[in-house]
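**Q** If you read the protein sequences in the order shown, they are chains A and B.
Under the working numbering, the first residue of the first sequence is numbered 1, with each subsequent residue one higher.
Under the working numbering, the first residue of the second sequence is numbered 1001, with each subsequent residue one higher.
Even glycine gets a Cβ: it sits at the ideal position worked out from N, Cα and C.
Since the model is a prediction, treat every value here as computed from it, not as a measurement.
Attaching a single structure in structure tokens format; questions to follow.
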Amino acid sequence: MVSRLLAVLVAAGLIVGALATRDGMDTPGLPGADPTGTVVCATELRQVCDDLAGEDLTVRVQDAGVSLDELATDDPPAVEAWLTLRPWPQMVRDRREQAGLDVLLGDDSATLAVSPLVLAVWDDRAEILTGACDPVSWRCVGDVAGGTWADIGGPDTWGAVKPGHADPARSAGGLLALHQATADRLGTTEYTRRDLDDRAFFGWFTTLQDAVPDFRPPSGSPLLAMAQVGPAAFDVVGAVEAEVLALRERAAERVGRLQVLPGGPAVTAEVVVVAVGPDTRVAERVADAAPELLAARRWDTQDGQTAQAVPLPGALEALRATWSEVMG
Amino acid sequence: MRRIQLLAALMVCALLASACNVGLGGDDQAQRGLDDPGDCIPVEVAVSSEKIDLITDLAREFNGSDEAQLDDGCAFVRPYSKASGLAMSLLAEGWPDEEREGPRPVVWSPAASSWGAILNQLRADEGEPPMAPESDPFMLTPLVLAMPEPMAEALGWPDTPIGYAEVLELSLDPQGWGSVGHPEWGPFRLGKTNPNYSTSGLSALIAQYYAATGKVRDLSTEDLARPEVVEFSEGVESAVVHYGDTTLTFLNNFARNDARGTALTYASAVAVEEVSLVNYNRGNPDGVLEPGEQLEPPRVPLVAVYPKEGTLFSDNPFIILDADWVSDEQRAAAAQFEDYVMRPENQERVLEFGFRPGNPEVALGEPLTPELGVDVDQPQTTLAVPDPPVMVEVLRRWEEQRKDARVLLAIDVSGSMGDPAGTTDDGRRVTKLDLAVQAAAESLAQFKDTDEVGLRIFSTELGPNQDADYLDLVPIAPIGEQRDELRERIESLVPVAGTPLYTVTRASYEALLTDYDPEKINAVVVLSDGRNEDPRNDDLEGLLAALTEGSEGQQTRPVRIFPIAYGDDADLAVLRRVAEATDAAAYDSSDPTAINRVFDAVISNF
Chain A
1 MVSRLLAVLV AAGLIVGALA TRDGMDTPGL PGADPTGTVV CATELRQVCD DLAGEDLTVR
61 VQDAGVSLDE LATDDPPAVE AWLTLRPWPQ MVRDRREQAG LDVLLGDDSA TLAVSPLVLA
121 VWDDRAEILT GACDPVSWRC VGDVAGGTWA DIGGPDTWGA VKPGHADPAR SAGGLLALHQ
181 ATADRLGTTE YTRRDLDDRA FFGWFTTLQD AVPDFRPPSG SPLLAMAQVG PAAFDVVGAV
241 EAEVLALRER AAERVGRLQV LPGGPAVTAE VVVVAVGPDT RVAERVADAA PELLAARRWD
301 TQDGQTAQAV PLPGALEALR ATWSEVMG
Chain B
1001 MRRIQLLAAL MVCALLASAC NVGLGGDDQA QRGLDDPGDC IPVEVAVSSE KIDLITDLAR
1061 EFNGSDEAQL DDGCAFVRPY SKASGLAMSL LAEGWPDEER EGPRPVVWSP AASSWGAILN
1121 QLRADEGEPP MAPESDPFML TPLVLAMPEP MAEALGWPDT PIGYAEVLEL SLDPQGWGSV
1181 GHPEWGPFRL GKTNPNYSTS GLSALIAQYY AATGKVRDLS TEDLARPEVV EFSEGVESAV
1241 VHYGDTTLTF LNNFARNDAR GTALTYASAV AVEEVSLVNY NRGNPDGVLE PGEQLEPPRV
1301 PLVAVYPKEG TLFSDNPFII LDADWVSDEQ RAAAAQFEDY VMRPENQERV LEFGFRPGNP
1361 EVALGEPLTP ELGVDVDQPQ TTLAVPDPPV MVEVLRRWEE QRKDARVLLA IDVSGSMGDP
1421 AGTTDDGRRV TKLDLAVQAA AESLAQFKDT DEVGLRIFST ELGPNQDADY LDLVPIAPIG
1481 EQRDELRERI ESLVPVAGTP LYTVTRASYE ALLTDYDPEK INAVVVLSDG RNEDPRNDDL
1541 EGLLAALTEG SEGQQTRPVR IFPIAYGDDA DLAVLRRVAE ATDAAAYDSS DPTAINRVFD
1601 AVISNF
């Protein structure tokens, strides 16, 4: 009887010991635990990053432009990884190199997911635009910007044509949308600063930007403003397709009338993660976990994605400069 | 110098805003059962008044629930009402007086995010970092022109777009509504609140200037100075019934006229938020449903006209303040409450209250329906909030262009006005009359030079033979010529005898009617601390009948009477009936020390 009791106690002790060991393996800081730290996410990836956040992984969502400014200084924030769109990490590297600063970012991860840049247009507006210029693209939008819907056969009540995109000085998606608009007008994705300075282009670009309502959208997202306010905010917005599709799913009643159109030449938003600093473990953990979460948010995570339509960092920096000049 | 002017103007704007809605703070929270957070992290939430009931309901459900649990503790949300402009000015000053203004907020939700932009501008001018970060709206409502349905239909609604251009055209047409086949409706009359007090009034004014320029963004000070813009704005202002501190005055008057069958001759359009129109059409003009109160939908509903030139949204941002008194724990707790508020099931509550939910996952439906005068596919254009310096110029220009007023200040100098009303900071005793005199004298600064103002006092036993019920101390004339004299005469007032309230009210009304000026807001301000004490005239019903008769009909010459019930003994019920008989509003200053802000609110009507 005593020996049986002893056996039970020993067995129980072994079980408790095993459980304690397993718990220890799950505990941050102990051997075998997931690496802990802070991930900064581009705003376009907010939903994915909310899913990533946990007890041992802190997530901070901010515009890529804010991260660019922070990471290009000699006093960068203490974060471990940056989940963003190409080519923003390269823009940080270029700026740091130009400033003579140490290498801070690791290499880009493999592409985690992709999504094309598109135009989101209210269906009734799309119909009128199609009548004005087929196919409907950024060039078409820019050509009719500055006028009213009545000018191109729409009703008086729609007022002025209101195109939109997120702030390209801050938003990764906004800058890509502007790049697509520019490429569509210039007829090439490989434009130079000289192309941007061309008088005809500059006039078209200025007219387009003058037509963008100065309506301060929440979280810098004109797409969300479309959902909240309707056509009163914007008629047509350039954005990442995954964002549009995800919004249409969760807010079908409010934005079910949004059509998705190509917008111009193929421009792709590519999600990557980079390590900030020498420790790559948090970035690797994010690279493992993010694809499934991205797929759930309508990003394309099929294997074999290759960078085909991501603009060069220099072109985007030049475009940002032109945009800033136009906006005064 | 320019910065100082900007600051001064905005602070005046904000301080004036305080008059219509003082903070409630701790006492209010106690009344709402939200005073004791226990061991939880308290999150003070300052919200504009129109959403205090909604946020309080949500806070009650949140506090103590699983959703309020944090990693190491719990959150306890304590909302209180604070006018947007006042909260902005207090935050700009670092919220100096918690005893008086309520606790320093962790979260601030003004009616519109433009208040946050102004706060940040003021702080930037002082070299301080922004305090109001960009924040998500959790509910929205557009500014609309609420029109009685038959009037809107006469203008082609809902098929024909209507905007400020049509308002201007009708306002300037000598035939008024006769120009569209309805002479029985008289002239076009516009209800618009004072932009120094009311977010609706400010939004309407901005929209009006945009309409005058044809722009939808980038309104500039140069635009405001263009002659055609000035002319447009003056034309619209010429149609104004009166101004005031709150749109509720207009909606309550609409409701009362609707009950009498005279809604179409009270006002033709009122600039209000869509949510207010929904409440009106539900039969709840003030938006507050008291226990046992029955909803009585109007006979003539109002419909929302979304100005074709565009409009502004009140976007109700949820701002977790970047203030040094906000701890990281409070920030986390506030974020948890924000998540809670944004949940679809709680955003359904937002919709029930008549706002458009900030969470787009919630579809727009009841009560935002055509049956209640709403078209959720409107508006079609959102106007940009001008930069702060332009907003200051907008307000300055309005002071020049607003409709002139012709006002008789009738001040009670009966014996009871000599009753003590407290002591000053330096221990000096003051009477009710002392406080009233001070408030009246200070209010004179709010009139523009071309306003015509006169001073009448009333009491029994006045005059050389002690047989007059009132005396005109300063005749009605442009105040620019007699501001100092008015101030001196007001400051020399002394208490006398009884209160001939009915006699002086009727006599003042008739005096204004005799020299009625259709180009001006014709009004009497009656300040009284007592009941009618005149055995020679106690005919209240006769007085009310005369006032009502003069206020009805398409050819009416409206003289508004704005009474102030001053002190505990004032007959607020009677004074309210007097105000209602002339489609005006009564003001309650039962606390004599509140007379300054009450006087400000009264003068905001002009």
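Let me make sure I understand the geometry here. Which of T1505(B), T1221(B) and V1390(B) has the alpha-carbon closest to that of D1534(B)?
**A** Here residue 1534(B) refers to the residue found at position 534 of the second sequence. It is T1505(B) whose Cα lies nearest to the Cα of D1534(B).
**Q** Nearest by alpha-carbon distance to V141(A): which of Q209(A), Q98(A) and E80(A) is it?
**A** Numbered from its first residue, the first sequence carries residue 141(A) at position 141. That would be Q209(A), whose Cα lies nearest to the Cα of V141(A).
**Q** Is there at least one Cβ from chain A nearer than 8 Å to Q1380(B)'s Cβ?
**A** The residue labelled residue 1380(B) in the question sits at position 380 within the second sequence. Q1380(B) counts as touching chain A.
**Q** If you compare alpha carbons, which of A132(A), E270(A) and D56(A) is closest to A295(A)?
**A** The residue given as residue 295(A) occupies position 295 in the first sequence. Selected option, being the one with the closest Cα: E270(A).
**Q** Applying a beta-carbon distance threshold of less than 9 Å, which residues of chain A neighbour V1275(B)?
**A** On the second sequence, residue 1275(B) is found 275 positions in, with the first residue counted as 1. Those do not exist, as V1275(B) stays about 15 Å from chain A at its closest Cβ, beyond 9 Å.
**Q** Just list the beta strand (DSSP E) runs in the segment 1130–1183 of chain B, keeping only unbroken ones of 3 residues or longer that don't cross its boundaries, in chain order.
**A** The segment 1130–1183 of chain B contains these whole beta strand (DSSP E) runs: 1139–1148.
**Q** Alpha carbon to alpha carbon, how far is A1436(B) from I1595(B)?
**A** Here residue 1436(B) refers to the residue found at position 436 of the second sequence. Here residue 1595(B) refers to the residue found at position 595 of the second sequence. Taking the straight line joining both Cα atoms gives about 6 Å.
**Q** Measure how close the beta-carbons of R170(A) and D63(A) come, nearest whole angstrom, since I'm counting them as under 8 Å.
**A** Your numbering for residue 170(A) matches position 170 in the first sequence. Your numbering for residue 63(A) matches position 63 in the first sequence. Correct: roughly 4 Å between the Cβ atoms.
**Q** Report yes if the CB atom of V1385(B) is closer than 8 Å to the CB atom of A160(A), and no otherwise.
**A** As a first step, residue 1385(B) is located in the second sequence; it is residue number 385 there, counting from the start. As a first step, residue 160(A) is located in the first sequence; it is residue number 160 there, counting from the start. No; because the gap between Cβ atoms is not below 8 Å, this pair is not in contact.
**Q** Can you look up R1560(B) in the DSSP assignment and give me helix, strand or coil?
**A** Start at 1 with the first residue of the second sequence, and residue 1560(B) comes out as number 560. Looking at R1560(B) - three-state DSSP - the assignment turns out to be strand.
**Q** Mapping DSSP to helix, strand and coil, what is Y1280(B)?
**A** Your numbering for residue 1280(B) matches position 280 in the second sequence. Reduced to three states, the DSSP call for Y1280(B) is helix.
**Q** Would you list the residues sitting across from G37(A) in a DSSP beta bridge?
**A** Counting from one through the first sequence, the residue named residue 37(A) turns up at place 37. Beta-bridge pairing links G37(A) to L57(A).
**Q** Mind checking who E1452(B) pairs with in its DSSP beta bridge?
**A** In the second sequence, residue 1452(B) corresponds to position 452, counting from 1. In the DSSP output, where bridge partners are listed per residue, E1452(B) has R1406(B) and P1478(B).
**Q** Output, in sequence order along the chain, the residues in the segment 1193–1226 of chain B whose CB is closer than 8 Å to any CB in chain A.
**A** V1216, R1217 and D1218
**Q** Check the C-beta distance from G311(A) over to T189(A) and give it rounded, since I have them as a contact under 8 Å.
**A** Here residue 311(A) is taken as the residue at index 311 of the first sequence, counted from 1. Here residue 189(A) is taken as the residue at index 189 of the first sequence, counted from 1. Before going on, a small fix: residue 311(A) reads as Pro here, not Gly. That pair is a contact at about 6 Å.
**Q** Give me the Cβ distance between L83(A) and A42(A), rounded to the nearest whole Å; I'm assuming they're in contact under 8 Å.
**A** In the first sequence, counting from the first residue as 1, residue 83(A) sits at position 83. In the first sequence, counting from the first residue as 1, residue 42(A) sits at position 42. Right, the Cβ-Cβ distance comes to about 7 Å (below 8 Å), so this counts as a contact.
**Q** Between V955(B) and the rest of its own chain, which residues show a CB-CB distance below 8 Å, the 5 nearest in sequence each way excluded?
**A** There is simply no residue 955(B) to check, as chain B begins at 1001 and stops at 1606 in what is shown.
**Q** Could you check which residue in A172(A), E249(A), L105(A) and A78(A) has the C-alpha nearest to that of G37(A)?
**A** Looking up residue 37(A) in the first sequence gives position 37. Checked all of A172(A), E249(A), L105(A) and A78(A); the closest Cα to G37(A) is A78(A).
**Q** Can you check whether the C-beta of L1364(B) is within less than 8 Å of a C-beta belonging to chain A?
**A** What you label residue 1364(B) is simply residue 364 of the second sequence in a count that begins at 1. Yes, its Cβ sits closer than 8 Å to a Cβ of chain A.
**Q** Would you identify the three-state DSSP class for A269(A), choosing helix, strand or coil?
**A** The residue labelled residue 269(A) in the question sits at position 269 within the first sequence. Residue state, collapsed to three classes: strand.
**Q** For P1478(B), which option in T1460(B), K1448(B), R1456(B) and I1490(B) has the closest C-alpha, if you only look at C-alpha atoms?
**A** As a working note, residue 1478(B) is residue 478 in the second sequence. The alpha carbon of P1478(B) has as its nearest neighbour, out of T1460(B), K1448(B), R1456(B) and I1490(B), the alpha carbon of K1448(B).
**Q** Establish whether the CB of K1308(B) and some CB of chain A are separated by less than 8 Å.
**A** In the second sequence, the residue the question calls residue 1308(B) occupies position 308. Yes - at least one Cβ of chain A is within 8 Å of the one on K1308(B).
**Q** Going by beta carbon distance, what residues of the same chain come within less than 6 Å of N1537(B), once the five residues before and after it are set aside?
**A** Looking up residue 1537(B) in the second sequence gives position 537. Correct list, in chain order: Y1502 and T1503.
**Q** Can you list, in chain order, the residues of its chain whose CB lies under 6 Å from that of R1563(B), leaving out five sequence neighbours each side?
**A** To locate residue 1563(B), count along the second sequence from 1; it is residue 563. It is Pro, not Arg, that sits at residue 1563(B) in the sequence shown. For P1563(B), where only same-chain residues beyond five positions count, the Cβ hits under 6 Å are V1526, L1575, V1578, A1579 and A1586.
**Q** Is it right to say A1111(B) is buried, meaning 16 or more other beta carbons lie within 10 angstroms of its own, or is it exposed?
**A** In the second sequence, counting from the first residue as 1, residue 1111(B) sits at position 111. Label assigned to A1111(B): buried.
**Q** Just checking my contact of P116(A) with T301(A) at CB under 8 Å: how many whole Å lie between their CB atoms?
**A** For the purposes of this step, residue 116(A) is taken as residue 116 along the first sequence, with counting starting at 1. For the purposes of this step, residue 301(A) is taken as residue 301 along the first sequence, with counting starting at 1. Contact flag wrong, Cβ pair sits at about 14 Å.
**Q** Is any beta-carbon of chain B found at less than 8 Å from that of Q228(A)?
**A** Counted from its first residue, the first sequence places residue 228(A) at position 228. Output row for Q228(A): interface = yes.
**Q** Answer yes or no: does any C-beta atom of chain B fall closer than 8 Å to that of G54(A)?
**A** Locating residue 54(A) in the first sequence gives position 54, counting from the first residue. Judged by the 8 Å Cβ criterion, G54(A) is not in contact with chain B.
**Q** Between the Cα of Y1080(B) and those of R1104(B), Y1306(B), N1279(B) and P1500(B), spot the shortest distance and give me the residue it belongs to.
**A** Reading the second sequence from its first residue, position 80 is the one you call residue 1080(B). Minimum Cα distance to Y1080(B) is reached at R1104(B).
**Q** Within the segment 1358–1435 of chain B, note down every full alpha helix (DSSP H) run reaching 4 residues or more, in order along the chain.
**A** Every alpha helix (DSSP H) of 4 residues or more that sits fully in the segment 1358–1435 of chain B is shown, in chain order, as 1388–1401.
**Q** Check whether the segment 145–157 of chain A and the segment 122–136 of chain A are in contact - that is, three or more C-beta pairs closer than 8 Å.
**A** In this structure the segment 145–157 of chain A lies against the segment 122–136 of chain A, because at least three pairs of beta carbons, one per stretch, are closer than 8 Å.
**Q** What's the call for V1077(B), buried or exposed, on a 16-neighbour Cβ count within 10 Å?
**A** As a working note, residue 1077(B) is residue 77 in the second sequence. In this structure V1077(B) is buried. Its beta-carbon is surrounded by 16 or more other beta-carbon atoms within 10 angstroms.
**Q** Just checking: is the beta-carbon of P168(A) within a distance shorter than 8 Å of some beta-carbon in chain B?
**A** Along the first sequence, read from residue 1 onward, the residue named residue 168(A) stands at position 168. Judged by the 8 Å Cβ criterion, P168(A) is not in contact with chain B.
**Q** So is N1465(B) buried or exposed if we call it buried at 16+ other beta carbons inside 10 Å?
**A** The residue you call residue 1465(B) lines up with position 465 of the second sequence. It is exposed - the Cβ of N1465(B) has fewer than 16 other Cβ atoms within 10 Å.
**Q** Provide the residue span of the alpha helix (DSSP H) that contains P291(A), from first to last.
**A** Within the first sequence, numbered from 1, the residue matching residue 291(A) stands at position 291. Per DSSP, P291(A) belongs to the alpha helix (DSSP H) from R281 to A296.
**Q** Determine whether the Cβ of E1338(B) lies closer than 8 Å to any Cβ atom of chain A.
**A** On the second sequence, position 338 is the one that residue 1338(B) refers to. So no, E1338(B) is outside the interface.
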